[in-house]
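Participant:
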Ligand SMILES: Nc1ncnc2c1ncn2[C@@H]1O[C@H](COP(=O)(O)OP(=O)(O)OP(=O)(O)O)[C@@H](O)[C@H]1O
Ligand SMILES: Nc1ncnc2c1ncn2[C@@H]1O[C@H](COP(=O)(O)OP(=O)(O)OP(=O)(O)O)[C@@H](O)[C@H]1O
Ligand SMILES: [Mg+2]
Ligand SMILES: [Mg+2]
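Chains as they are written, first to last, in the working numbering: chain A, 160 to 422; chain B, -12 to 308; chain C, 69 to 421; chain D, 266 to 560; chain E, -1 to 240.
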């Protein structure tokens, strides 16, 4: 377990978050918070609203009610790219990479819009400033690719990567945005036990860099090993929270989510 | 053989430019006029390359932006009496401004919705030109404006120089991070947005750049013909510009230039085409689309092009299923 | 020479392309007749149709293209806009053009190479106005025209003509080319209490306007039109019963009893298996005029121009006499559609200036 | 403007709107059943009209057999289109943008093919619904309006039932959405796509046959109508059949009233302006609550 | 029931399956294990005809099916729950299920009762029967995909990672259900990342590595040979060089 202290500041503070789709309340008056350096897990039955919470935090959906405070600022309902700049990055439950671009370019996308403050004119003219900015950028992307172990696949088309690597690529892309908080949506889905092991190592290393993590996962071995704190959702509302060891004994959680296999 | 093609590919842009510079001395007066139109179209098509090829936003209203550029130039010279250079600058600026405004619907609309909107925009501009007679000359057209440079030949050289610079710029933008942001609009807008790409700004830049080039191309068009009338800016024209982008490979700058010039001069080369020009164009486009985007095994056009190292459509984003 | 090259600019593509086909058919008929008889002094005519398109701007390119072919003379363009925009090109190239536009300005540019085998609208629109006023006792005319350069030119000539005869339009309506529903305009004309309608545009639109007029219960509204109204296409689109009473001006009337005219009409209809459109066949004569000149002076364009400028020739369709501006035709028919066929009402000659 | 004239305006606007809704239905059908926006629908309509002209107007066959033959001929054309172009493209998951460009190319192709075969002289044939005006008080009405309304109503209900209520219709939509999965359900994708296109060309044939006695046939006739039909379909809600009808009627009435009370030359500007505003504030159209993509 | 001999499959040029031979006996649950990218899903796609093999033969119920179209194969009584769910996003849950029974010449009431069974297994689907499948959560779509395949009442059911993205409690009930339908006579071919789980319900297992079968045997014996198994499952896609 890494860096869990009670005195740490809150990075993410969600209060009263609510989202309806037509008549369906997907997220219901939800409060969660993630402290600096923590790895938190969000678990719950299928359709309990976990992904929706991520979508609300990152601005992909607009919320109906509630506040999302990130590093002391309201970020709810800001455009997604602004939220990204403020320091929240994410991956997707269904992988969303640019399949006809290379690994490097996919990662580069994490740098966001534009050429790092260099104007279009300078880009077109290939000025020194543009070249320097590009070089710096390339270097940074390479560093992160190295960190996650994808550097040797740098020039491969993303669509040709095996599934597991595509998941890692998404994480790399998210890291390149320079986040303070990383949201991972079922990163282990479709991975085998070896890959899961490597993934957990990676998540730990990311956490060691001081990045807080909010993780959605159905594989309890991962939640058990990684999460400092667990939130359990059902029907969009929080039914339990605490350490995994505590939460997994909660009869409501067992009944709604864990069944006999999860423990 | 393959080596030769590689070499050709590398220096393609340069070769095309040299050929263009030589054009006035080796063509008859009329052929030269056609080449001029080709170069002028190429400038416009490079703009569409950014919008359609890079960003994946289909526009069927591009002729209207061309009209905006050409008419603004003409009106400023004839009705206001401005200097041609000032007129040209203002024309490009205004077209860019209006084109950027077109990005507003693109914020919320995609696919067919956006295309129909651009069709609508094209109609709106055409009807306005037709009916605002005191300013635009209406159906009678607009004539009597000066050229940027006194001799046709110098205007041509200016145009070729502009084309060259624009080609390099468009290529560079395509390879830059900005270009990646534009391409991400085509592939996965949501992912791009969440990764910090300001999608609205990217759309605006895409529309603005393409409108700017349309405006510039319009100014040159006015210079070439010396006469403007609303019927040269119809939806059918927009469709032929679309053809030029697609046949150029959607991603390749040199491809776009070559295809613009070839398609512009096709009816002149094949005289029998003249009355069924569009019939043949559209058929060629259909055959091209069909062969290029569907792998029909070895021996197909696509296979052939691929072995020769030519750019192929990238529309084939397969899902892993 | 091996052949005498004559280019013919005609709209072969676009909205007006059916007119182009008639223009070419008529000219081609003459060329074939001449060549079948051994050509001009044994030299055949090389006849090259060039697509003027239905657009003014691309029409200019067609003029360039025609000039690049080095013809002895050119027939066309057909659109006033194209003539006005491109006449400097043939002035520079010193090639005579026998044009077809009705806009008065086209022959007023002082271009000695421009000739016209058509009557300008400023001549025949006043006749329409006078006919309306004096023959039909119209008091409240309305006008509808399309926003193309052709119809617009007709409207520009209409207001002065009406004023000249003490009439003022009770309402003026416009439409855009391609419009297919004129309910709004017609009902406004109805609401304005008009008793006659001056109606300008291309065949499809005019045809629908004439039909919709009846469908809206406005059968009593008299309609006065320009030369295109005598086209068989109008009758087909509007329906024969719906154009009863339509009045229009032309340079050739289907009902003209003159045997030479009737012989031509018979020849035309039997050759092409379609009814004749009187306003688009005059280039049959243009070819004969050129052939006659070339026979006399050879293929020098400058000499052909000189001969055209003092032309005095009786053709199958009309008598041609050049005036100082290059106008070659001076006869106007006003005809009315009565009992299912066109009947001449008035025939007028304009003096040659 | 008297009340009678106002009523007449609305009535004629409605008649025009019904005409727009015919290609709009075709566009909606293709959208539902293949996920394509068919820019060529209007030109297919033109083609249908010309085929009818040749059979009924020129060859002089009786009306009903000509009608049936036109629908059959157009159905065959739809089959050919699907086999030669759309099915291979869809089967290979070609980027929808490319297929969309393909429909634009088809639109241009068909229009010019018609031009080459039939020429550009506006043509028409005898109105089989009768050309005598019905007069009701001060209102004038053409009998074809009543017929077309009836046929559109039948078409609408049939399509709605076919696509939503039958297995084949559901399978068509399934093929459009996930061709791999539809294979796994035992559906023959090629047949479904062929059927889709045959249906839409058949609708184009019906529209062409109904419209060509009223609006003269020119190569661009269908295109002119289709531009409005596209606006109608987006206003009504792409994919919704009642939306196509309502959108068409709304466009027809709105443009007639605008032409009468504001300006007849600027009315297309008005329609497209309204369309853009409408799409900005209700991107899904009248009959579609805006569905956000699941992320 | 299903017999595969020397199957070779390639996506573009390089073969993904080099030589796969395996057999699924009627009435059994057979598991296919393997590292990521080993070619498990490709094998299933080749069986159901979604991708044409370069060589080798596939026999189903005594008939060679390697040259048949997917729809023909499916009509023979084979159902495939594909990787990535592939529900019809614009159809409602009910419509998705109905399409699942497309090939069956079953009466309406039969389809209804089968649908009821699917709803019993996944009560969430019943709650959402009119929701568009595309707006369902990942796990809900997975449930729908499984339920849809069962609607065709197949002789052979092929499941590609059915547990993917599902809550533990649902995985339990799916595994129970697989066993149950197997006991009722349906043969099952299963792909699972969670080897332990898969082996616990299956009779027989094959292990695939880089496009070849490297190990096969009774589930119990394979499960016992943990070290070997781990070695193969860990060899994560080293086969790819490009
Ligand atoms: N765009 C949408 N429209 C309608 N309903 C939606 C939409 N998105 C999500 N829902 C519904 O909201 C609920 C929550 O979905 P969400 O994707 O957040 O679940 P989840 O907890 O991530 O589930 P899983 O573990 O299966 O991924 C689901 O029941 C889903 O059907
Ligand atoms: N559509 C495709 N085009 C090209 N290559 C593909 C395609 N689909 C899969 N591959 C490649 O084929 C190989 C085998 O893939 P397959 O999906 O069969 O593996 P798998 O064993 O199912 O793995 P996973 O556990 O990731 O599902 C992989 O290397 C993969 O990258
Ligand atoms: Mg989820
Ligand atoms: Mg797989």
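From the three backbone atoms N, C-alpha and C, an ideal C-beta is built for every residue, glycine too.
1) Can you tell me whether DSSP reads residue -1/E as helix, strand or coil?
2) Classify residue 287/B as helix, strand or coil using the three-state DSSP reduction.
3) Within the same chain, show all residues whose beta-carbon is closer than 6 Å to that of residue 393/C, passing over the 5 residues directly before and after it, in chain order.
4) Terminal residues of the continuous beta strand (DSSP E) containing residue 512/D?
5) Does DSSP put residue 338/C in a helix, a strand or coil?
6) Suppose contacts are defined by Cβ-Cβ distances below 8 Å. Is residue 161/C in contact with residue 190/C by that definition?
7) Verify the contact flag: residue 161/E, CB atom, against every heavy atom of ligand 3, threshold strictly below 7 Å.
8) Once DSSP output is grouped into helix, strand and coil, what is the label at residue 65/C?
9) With a threshold of 8 Å between beta-carbons, can residue 311/D be considered close to chain B, or not?
10) Residue 69/B versus chain F: which residues are under 7 Å apart at the beta carbon?
11) Run the proximity test for residue 38/E: is its beta-carbon closer than 7 Å to any non-hydrogen atom belonging to ligand 2?
12) Per DSSP, residue 423/A is paired with what?
13) Which ranges would you report for the beta strand (DSSP E) in the region 335 to 423 of chain D if only whole runs of at least 3 residues count?
14) Could you check the C-alpha separation between residue 362/A and residue 292/D for me, to the nearest Å?
15) Between the beta-carbon of residue 92/B and the beta-carbon of residue 104/B, is there less than 8 Å?
16) Which value, in whole angstroms, describes the spacing of the CA atoms of residue 213/C and residue 111/C?
17) Closest to residue 218/E by CA distance: which of 142/E, 121/E and 227/E is it?
18) Taking the beta strand (DSSP E) that residue 31/B falls in, what are its first and last residues?
19) Would you list, in chain order, the members of the region 149 to 165 of chain B that have their beta-carbon closer than 8 Å to a beta-carbon of chain C?
20) Of all the residues that make up the region 276 to 288 of chain D, which are near chain C by a beta-carbon distance shorter than 8 Å?
21) Check whether the Cβ of residue 341/C lies closer than 8 Å to any Cβ atom in chain D.
22) Once DSSP output is grouped into helix, strand and coil, what is the label at residue 199/A?
23) Looking at the strands, I want to know which residues DSSP matches up with residue 405/C.
24) Which two residues bound the contiguous beta strand (DSSP E) that contains residue 32/E?
25) Residue 170/E: beta carbon under 7 Å from a heavy atom of ligand 4?
26) Does residue 373/C get closer than 8 Å to chain B when you measure Cβ to Cβ?
27) Does the Cβ of residue 115/C have 16 or more other Cβ atoms within 10 Å, making it buried, or fewer, making it exposed?
28) Got a sec: does ligand 1 put a non-hydrogen atom nearer than 7 Å to the Cβ of residue 185/A?
29) So is residue 99/B in contact with chain D if we call contact Cβ pairs under 8 Å?
30) So residue 292/C is in the beta strand (DSSP E); what residue range does that whole segment cover?
31) Considering Cα atoms alone, identify which of 182/A, 402/A, 219/A and 188/A is closest to residue 393/A.
32) Should residue 367/A go down as buried or exposed, given a rule of 16 or more other Cβ atoms within 10 Å for buried?
33) Specify, as a first and last residue, the run of the beta strand (DSSP E) that residue 77/E falls within.
34) What are the residues in the region 333 to 344 of chain A lying within 9 Å of chain E by C-beta distance?
35) Give me whichever residues DSSP pairs with residue 388/A in a beta bridge.
36) Residues around ligand 3, please: the condition is that the C-beta lies closer than 7 Å to some non-hydrogen atom of it.
Facilitator: Quick answer:
1) Locating residue -1/E in the fifth chain gives position 1, counting from the first residue. Three-state result, residue -1/E: coil.
2) Position 300 of the second chain, counting from 1, holds the residue named residue 287/B. With a pLDDT of 40 at residue 287/B, under the threshold of 50, the modelled position of this residue cannot be trusted; read the value that follows with caution. Here residue 287/B sits in coil by DSSP.
3) Counting from one through the third chain, the residue named residue 393/C turns up at place 325. Its chain contains 175 as the residues whose beta carbon lies nearer than 6 Å to that of residue 393/C, once the 5 sequence neighbours on both sides are disregarded; these appear in chain order.
4) Position 247 of the fourth chain, counted from the start, is the residue given in the question as residue 512/D. Looking at the DSSP string, residue 512/D is not in any beta strand (DSSP E); the run it does join, the alpha helix (DSSP H), is 506 to 526.
5) By one-based count along the third chain, residue 338/C stands at place 270. DSSP places residue 338/C in helix when its eight states are reduced to three.
6) Here residue 161/C corresponds to residue number 93 of the third chain, with the count starting at 1. Here residue 190/C corresponds to residue number 122 of the third chain, with the count starting at 1. Going by C-beta atoms, residue 161/C is not nearer than 8 Å to residue 190/C.
7) Your numbering for residue 161/E matches position 163 in the fifth chain. It does not: the Cβ of residue 161/E is nowhere closer than 7 Å to a heavy atom of ligand 3.
8) As displayed, chain C neither begins before 69 nor continues past 421, which places residue 65/C out of reach and without an answer.
9) Counting from one through the fourth chain, the residue named residue 311/D turns up at place 46. For residue 311/D, the answer is no, since every Cβ of chain B falls outside 8 Å of its Cβ.
10) Although the question refers to chain F, the structure presented lacks it and instead comprises the protein chains A, B, C, D and E.
11) Counted from its first residue, the fifth chain places residue 38/E at position 40. Result yes, Cβ under 7 Å from ligand 2.
12) The displayed coordinates of chain A run from 160 to 422. Any statement about residue 423/A would go beyond what the structure contains.
13) Fully enclosed beta strand (DSSP E) runs of 3 or longer: 399 to 401 and 404 to 406.
14) As a first step, residue 362/A is located in the first chain; it is residue number 203 there, counting from the start. As a first step, residue 292/D is located in the fourth chain; it is residue number 27 there, counting from the start. The C-alpha of residue 292/D is placed about 49 Å away from the C-alpha of residue 362/A.
15) Here residue 92/B corresponds to residue number 105 of the second chain, with the count starting at 1. Here residue 104/B corresponds to residue number 117 of the second chain, with the count starting at 1. The answer is yes: Cβ separation under 8 Å.
16) Numbered from its first residue, the third chain carries residue 213/C at position 145. Numbered from its first residue, the third chain carries residue 111/C at position 43. Rounded to the nearest angstrom, the two C-alpha atoms are 46 Å apart.
17) The count along the fifth chain starts at 1 and reaches residue 218/E at position 220. That would be 227/E, whose Cα lies nearest to the Cα of residue 218/E.
18) Start at 1 with the first residue of the second chain, and residue 31/B comes out as number 44. Membership of residue 31/B in any beta strand (DSSP E) is not indicated; the residue belongs instead to the alpha helix (DSSP H) covering 16 to 35.
19) Result list empty, no residue passes.
20) The residues in question are 277, 278 and 281.
21) Taking the first residue of the third chain as 1, we reach residue 341/C at position 273. Cβ-Cβ to chain D under 8 Å: no for residue 341/C.
22) Indexing the first chain from 1 puts residue 199/A at position 40. Strand at residue 199/A.
23) Position 337 of the third chain, counting from 1, holds the residue named residue 405/C. Residue 405/C pairs with 410/C.
24) Taking the fifth chain and counting its residues from 1, one reaches residue 32/E at position 34. Note, residue 32/E: beta strand (DSSP E), 27 to 32.
25) In the fifth chain, the residue the question calls residue 170/E occupies position 172. Checking every heavy atom of ligand 4 against the Cβ of residue 170/E, none is found closer than 7 Å.
26) The residue given as residue 373/C occupies position 305 in the third chain. The beta-carbon of residue 373/C is placed no less than 8 Å from the nearest beta-carbon of chain B.
27) The count along the third chain starts at 1 and reaches residue 115/C at position 47. That one is buried.
28) The count along the first chain starts at 1 and reaches residue 185/A at position 26. Yes, ligand 1 has a heavy atom inside 7 Å of this Cβ.
29) For the purposes of this step, residue 99/B is identified with residue 112 of the second chain, where counting begins at 1. Closer than 8 Å to some Cβ of chain D, the Cβ of residue 99/B qualifies, so yes.
30) For the purposes of this step, residue 292/C is taken as the residue at position 224 of the third chain. Note, residue 292/C: beta strand (DSSP E), 290 to 293.
31) Against the first chain, residue 393/A aligns to sequence position 234. Distance from the Cα of residue 393/A is smallest, within the candidate group 182/A, 402/A, 219/A and 188/A, for 188/A.
32) Working through the first chain from its first residue, we reach residue 367/A at position 208. Looking at its Cβ environment, which holds fewer than 16 other Cβ atoms inside 10 Å, residue 367/A is exposed.
33) Working through the fifth chain from its first residue, we reach residue 77/E at position 79. Looking at the DSSP string, the run of the beta strand (DSSP E) that includes residue 77/E is 76 to 79.
34) For the region 333 to 344 of chain A, which is checked against every Cβ of chain E, the residues closer than 9 Å are 344.
35) Taking the first chain and counting its residues from 1, one reaches residue 388/A at position 229. As DSSP reads the structure, residue 388/A sits in a beta bridge with 199/A.
36) That gives 209/A, 210/A, 252/A, 344/A, 345/A, 375/A, 135/E, 136/E and 137/E.
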